[in-house]
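Shown next, in structure tokens, is the structure this report addresses.
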Amino acid sequence: MSTEPNRAPDGPGSPEEVSQDRRDFLKQCMAAAPLLLTCVCVAEAAAAGATDESYKPEEHYYGMGIDVNKCIGCGRCADACKTENNVPREPFYFRTWVERYVLTTEGETVVTSPNGGIDGFPSSISEKGILRTFFVPKLCNHCANPPCVQVCPVGATFITRDGVVLVDKDYCIGCRYCIQACPYGARFLHPVTHTAEKCTFCYHRVVQGKVPACVEVCPTGARIFGDVRTRSSPLARFTRFNEIQVLKPQLNTEPKVYYANLDGEVR
Amino acid sequence: MPQQLNRLAIVFVILIGSLIGARHYLVPKTFGALGHYRAAAIEANAAKPLVYAGHEACEMCHSDVVKTHDNAHHKSVACEVCHGAQAAHVESPTDHKPPAPRQRAFCPLCHAYDASRPTGFPQIDPVSHNPGRPCISCHNPHAPVPPHTPQECSACHGEIARTKALSQHAGLPCTTCHKVEEKHKISPPLSTPSKPQNREFCGQCHGKEAKAAAEIARVDMSTHGERYVCWQCHYAHSPEAK
Amino acid sequence: MSPDLVQQLANVLRQVSGYIYPNEVELQWGLLVVVYPYITGLVAGAFILASLERVFSVKEVEPTYRLALLTALAFLLVAPLPLLLHLGHPERSFEIFLTPNVHSAMAMFGFVYAWYLAVVLLLEIWFDYRKDLVLWARNEHGLLKWIHLILTLGATDISEGAVRFDRKAVRFITIIGIPSAFLLHGYVGFIFGSVKANPWWSSVLIPVVFLFSAMVSGIGMVLMIYLLTGLVRRSLEMTCLDKLASFLFYALVVDFSLEILDFIHRLYEAEESIKILGTLIATRLFLSLVVLQALAGTALPLICLAFVSPVFGRRALVRFPEELRRLLYLASATLIQIGIFSTRWNVVIGGQLFSKSLRGLTVYKMELMGLEGFFVSVLLLAAPFLILYILVKILPPWKDVPGTPVPEQVPGD
Chain A
1 MSTEPNRAPD GPGSPEEVSQ DRRDFLKQCM AAAPLLLTCV CVAEAAAAGA TDESYKPEEH
61 YYGMGIDVNK CIGCGRCADA CKTENNVPRE PFYFRTWVER YVLTTEGETV VTSPNGGIDG
121 FPSSISEKGI LRTFFVPKLC NHCANPPCVQ VCPVGATFIT RDGVVLVDKD YCIGCRYCIQ
181 ACPYGARFLH PVTHTAEKCT FCYHRVVQGK VPACVEVCPT GARIFGDVRT RSSPLARFTR
241 FNEIQVLKPQ LNTEPKVYYA NLDGEVR
Chain B
268 MPQQLNRLAI VFVILIGSLI GARHYLVPKT FGALGHYRAA AIEANAAKPL VYAGHEACEM
328 CHSDVVKTHD NAHHKSVACE VCHGAQAAHV ESPTDHKPPA PRQRAFCPLC HAYDASRPTG
388 FPQIDPVSHN PGRPCISCHN PHAPVPPHTP QECSACHGEI ARTKALSQHA GLPCTTCHKV
448 EEKHKISPPL STPSKPQNRE FCGQCHGKEA KAAAEIARVD MSTHGERYVC WQCHYAHSPE
508 AK
Chain C
510 MSPDLVQQLA NVLRQVSGYI YPNEVELQWG LLVVVYPYIT GLVAGAFILA SLERVFSVKE
570 VEPTYRLALL TALAFLLVAP LPLLLHLGHP ERSFEIFLTP NVHSAMAMFG FVYAWYLAVV
630 LLLEIWFDYR KDLVLWARNE HGLLKWIHLI LTLGATDISE GAVRFDRKAV RFITIIGIPS
690 AFLLHGYVGF IFGSVKANPW WSSVLIPVVF LFSAMVSGIG MVLMIYLLTG LVRRSLEMTC
750 LDKLASFLFY ALVVDFSLEI LDFIHRLYEA EESIKILGTL IATRLFLSLV VLQALAGTAL
810 PLICLAFVSP VFGRRALVRF PEELRRLLYL ASATLIQIGI FSTRWNVVIG GQLFSKSLRG
870 LTVYKMELMG LEGFFVSVLL LAAPFLILYI LVKILPPWKD VPGTPVPEQV PGD
């Protein structure tokens, strides 16, 4: 049982005065509420910021086409990717790269990719004894049945509704299992964030209706980006008019990077 | 219930209870909304800043250059391939000026001869092709027509020319077998040179009865490689190669 | 980016032979990921040995029962450490409990570990020691008394019925514990065996091989610990030691057969990866696979144990005097540890030394210092022994020390 504290009935600090102060305060809060709500809404909209409200992921399902016969091995794509996505410039981390294949008449196949092809290729190979030679750009295949997503223990990598495989770098624990599971060598561990990283199809460009940086800068149009399922997209035309191969089909990863004129020696 | 189980039950209930409680607070809010991942991560990936503007952005201010460029050989080469990533320039044009590569070392990134590049792609030997002079002194990068139409086939078909030069066919000009229209030299895709269509063509020099130089190897056209056309076995640019 | 890392990777790049994908220069899983399956293997193996006595009533190895349990616990406590040290973000590791991806073998880790630690190992040790804990708490003084009292969790009833319940509980838990031990180490094998991208790992046999090599290493480890502690305390039962060595031999035979089967199968099918894998074994893995794993770690101990221990009945093929036998057992068990560690190395590191393009080989440069370095791994492998020492002090497994109550045989067991 508590006793009432000694207080003057109607002076400062009296129960009546405290109640009145409370009522005033509550009234002020109510008045401020619409302003507060507006501020919150604006803040939320600003945070939602980059994605245009009109971008609907369920209307798209992205893939990429690559015409091997058009690639000249200039390496602009690999360079632009590192620029656009702030990838470390050291020759150990690539979201995309270009390989050169040289098949000799003796039956040997030599594959090289000096710094991913960013500085071009030394053209000192002798022409004698070459049976076939060509360049092959490589990148994450954004598989429809991705083994990397399957093995992530915490759900830090996922495939979006529009078919892009992304990494949640604020959730990734850096266990590197996804890097082991990728059959294409497309992933790496970022040396600064210590999380897994890979090609994102430049998702931040795609949601604004632009193409990935590598597609933008390819001078011969060897890379084609678009919707896999739409009837009228550059990619649809590409897959209609070319015989398409994917890398390592026997692993059933259902890659969405479609190669035209891909040589059987490419792994 | 035996005393042991009693005590154990208390311990386990506390443990599991606290785990379930912790879970409620620690699982991120947007997790599971769209799949087994944090839905907020989609936004995090989409909210990254642009570094390349995309060639559509250049047309707004540079429409004259774009018009020239889009009607010339470099129409498939985006502006930012040469001028660098320019989203910053689009944001504030006067603060960031795009560089323009004027040195000789730049153009050979694409145009230096490389055996792995597709045949017919315009390639030069950077060492011997007008040494010392900047490329742009003869080629306008926005409309890079060569200053003189190449007359020799070897200008674009170097590897074939080099192979042929070491073969028995070295003395034959390309036009012996290939009819070439002048417009092929100006714009190759417009007109494809012809190729021989039948055995009789080669028979014009190599048949037993052919009216041709004595040192040319002769075969009996009616029996030699009867069902095949000649180039199915003999590579015409180096016919003796094994 | 640290210049050391750049230098290191540049060095590796120089030593690449053939073609590797550009991102494969940096090996993803290093020494720490080799140590982890080795440690959990010891846990599973030691537990299986303990279960031999309880479930299959192999009386000869009874002296090692409690020691095997404590060994398993000591190694189990250290087991998560190499994983935590290896993660890019160990502070986020609890996410594996919050949002485990049910399609990922690795996500099982948290739950299997917690289950095995809490429900199997700790419970079994608790039930087995409970009566002794109560008696010790009654008769002792000081810190040890309080530790023992707390460990009883207040269940101080040691009437006949209660002790009988304890025994039944231990048997029950051991029976559950055997498949749990299989799961604890088998899932690690599955983590590797289910990676279709890697032809060295992707195999149905890998989880099974992992499991049996775990049993071999676990039995070998308990043998070594029993032998060494027995020598120090001057009380060693040769029949127990002989029996342990026999079981070591049997497990080694199964393990060897499985590995040979995998080898023959690969050679016979000769699918695409055979060329690069053959080059891998002949060059990068020659020392660790042919010499350490196959010859020193398997063939030599097999021959030794076949002759020295009583594998075909009560008598060995060749009678060796006790001292020599002990020495040979110790040598065999040591070689086996080296062999099993090499097995883990060959699987984990070996699987990353060749490119997924099947066209090239790279190298693994083990660091000395740093979290992934040699010294940290040595510490991680030594820590369980320290923990075991403390456990043995708190929960003595010996029955011949005066004052240590011998668990009575309650009729009706």
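Protein chains in written order, with our numbering: chain A, 1 to 267; chain B, 268 to 509; chain C, 510 to 922.
The C-beta atom is built at its ideal place from N, Cα and C for all residues, glycine as well.
The residue from Tyr-62(A), Gln-245(A), Gly-73(A) and Gly-63(A) with its alpha-carbon nearest to that of Leu-262(A) is Gln-245(A). Look at Arg-305(B) here: in three-state DSSP terms it is strand. Shown in chain order are the members of the stretch 287-314 of chain B whose Cβ falls below 9 Å from a Cβ of chain C: Ala-289, Arg-290, Leu-293, Val-294, Pro-295, Phe-298, Gly-299, His-303, Tyr-304 and Arg-305.
In the DSSP assignment, Gly-554(C) falls within the alpha helix (DSSP H) that extends over 540-563. For chain B, the residues of the stretch 672-684 of chain C that bring a beta carbon within less than 8 Å of one of its beta carbons are Phe-674, Asp-675 and Ala-678, in chain order. Across the structure, Ser-54(A) and His-60(A) are spaced so that their CA atoms are roughly 13 Å apart. Against Val-280(B), chain C offers no close residue; the least beta-carbon distance is about 13 Å (beta-carbon pairs closer than 7 Å). Contact with chain B is found for Leu-662(C), since one of that chain's Cβ atoms lies less than 8 Å from the residue's Cβ. Within chain B, no residue has its beta carbon less than 7 Å from that of Leu-862(C); the closest one is some 29 Å off.
Using a Cβ-Cβ cut-off of 7 Å, Pro-269(B) is close to Ala-671 and Phe-674 of chain C, given in chain order. Residues of chain A whose Cβ lies closer than 8 Å to the Cβ of Arg-371(B) do not exist; the shortest such Cβ separation is about 14 Å.
Trp-624(C) and Ala-588(C) have their C-alpha atoms some 14 Å from each other.
Closest option to Ile-391(B), judged by alpha-carbon separation, among His-473(B), Pro-417(B), His-504(B) and Pro-366(B): Pro-417(B). Contact of Arg-466(B) with chain C by beta-carbon distance below 7 Å is absent, the smallest such distance being about 42 Å. With respect to chain C, the C-beta atom of Arg-485(B) has no partner C-beta closer than 8 Å.
Taking CB atoms only, Met-510(C) has a neighbour in chain A less than 8 Å away.
Residues of the same chain with a CB within less than 6 Å of the CB of Gly-695(C), apart from the 5 flanking positions on each side, are Pro-716 and Leu-720 in chain order. Bounds of the beta strand (DSSP E) holding Glu-99(A) are 96-104. Taking C-beta atoms as the reference points, Leu-867(C) and Arg-793(C) fail to come closer than 8 Å. At a cut-off of 8 Å between beta-carbon atoms, Tyr-93(A) makes contact with chain C.
Counting along the chain, the unbroken beta strand (DSSP E) around Leu-166(A) starts and ends at 165-167.
Between Gly-698(C) and Val-718(C), the gap from beta carbon to beta carbon is short of 8 Å.
Listed in chain order, the alpha helix (DSSP H) runs fully inside the stretch 146-199 of chain A are 147-151 and 177-181, counting runs of at least 4 residues. Nearest CB-CB separation between Ser-395(B) and chain A: not below the 8 Å threshold. In this structure, Ile-896(C) keeps its C-beta atom at 8 Å or more from the C-beta atom of Gly-727(C). In the three-state reduction of the DSSP assignment, Val-731(C) falls in the helix class, which pools H, G and I.
Counting other Cβ atoms within 10 Å of its Cβ, Phe-681(C) stays below 16 and is therefore classed as exposed. With its beta carbon less than 8 Å from one in chain B, Asp-666(C) belongs to the interface.
When DSSP states are grouped into helix, strand and coil, Ile-391(B) belongs to the strand group. Within the stretch 533-560 of chain C, the residues whose Cβ lies closer than 7 Å to any Cβ of chain A are, in chain order, Glu-533, Val-534, Glu-535, Gln-537 and Trp-538.
Rounded to whole angstroms, the gap between the alpha carbons of Val-872(C) and Leu-737(C) is 38 Å.
Below the 9 Å Cβ cutoff, chain A contributes no neighbours of Pro-463(B), its closest Cβ being approximately 24 Å away. If you draw a straight line from the Cα of Leu-590(C) to the Cα of Phe-584(C), it comes to about 10 Å. Within the DSSP bridge table, the entry for Phe-225(A) names Met-64(A) as partners. Here DSSP, grouped into helix, strand and coil, assigns Ala-236(A) to helix. Under the 8 Å criterion on CB atoms, Leu-737(C) is classed as non-interfacial with respect to chain B.
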